[in-house]
Amino acid sequence: MAVERTLSIIKPDAVAKNHIGEIYTRFEGAGLRIVASKMLRLSDAVAGGFYAEHRERPFFPALIEFMTSGPVVVQVLEGENAVATNRDLMGATNPQEAAAGTIRADFASSIDANAVHGSDSTDSAAREIAYFFAFSEVCERD
Ligand code: RTP
Ligand code: MG
């Protein structure tokens, strides 16, 4: 298995419900290291650019309205198979279909307010990490 990096976002619903620490504990419990982290409030332009692949989808306006509704916490996770490991921790996009014990099953309330984002491939991860973090903001960890 390869050491990878992936981009994770704790979305506005989970930040508002004070679940940042519990979600970080799940990342660390799965062997993922947090190598970059920041809280910020997304503008329409930044959220739209991040989700540009979904621009033509019917849910896009609701997605942008939700992602700009409050602060988010953005982090880079590093570890063996980090992309798939994080997606497994997150669970299915729709929390009603998410496996028991996943972040979305435990903390998400709807397909819009679904607690977390995680890159879906190593290519997406590289693009998404560069979208939010300068090279100097991602730290080497042993
Ligand atoms: P994310 O990108 O946020 O990690 O979520 P994902 O890969 O599991 O799902 P994706 O297909 O990339 O969709 C991005 C976000 O758009 C919202 N969505 N709504 N109403 C719908 O059918 C629908 N489909 C997607 C979700 O909030 C999803 O997280
Ligand atoms: Mg996605």
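Using UniProt numbering, read the sequence shown as starting at 1 and increasing by one per residue.
For glycine and all other residues, C-beta sits at the position ideal for the given N, C-alpha and C.
Going by DSSP, V3 is part of the beta strand (DSSP E) stretching over 3-10. With fewer than three CB-CB distances shorter than 8 Å, the region 28-46 does not count as touching the region 94-114.
Within 10 angstroms of the beta-carbon of F59 lie fewer than 16 other beta-carbons, which makes it exposed.
DSSP places L40 in the strand class (E or B) of the three-state scheme. Here the C-alpha atom of I10 lies approximately 11 Å from the C-alpha atom of G70. The beta carbon of R87 sits closer than 6 Å to those of G118, all from its chain and outside the five residues before and after it, given in chain order.
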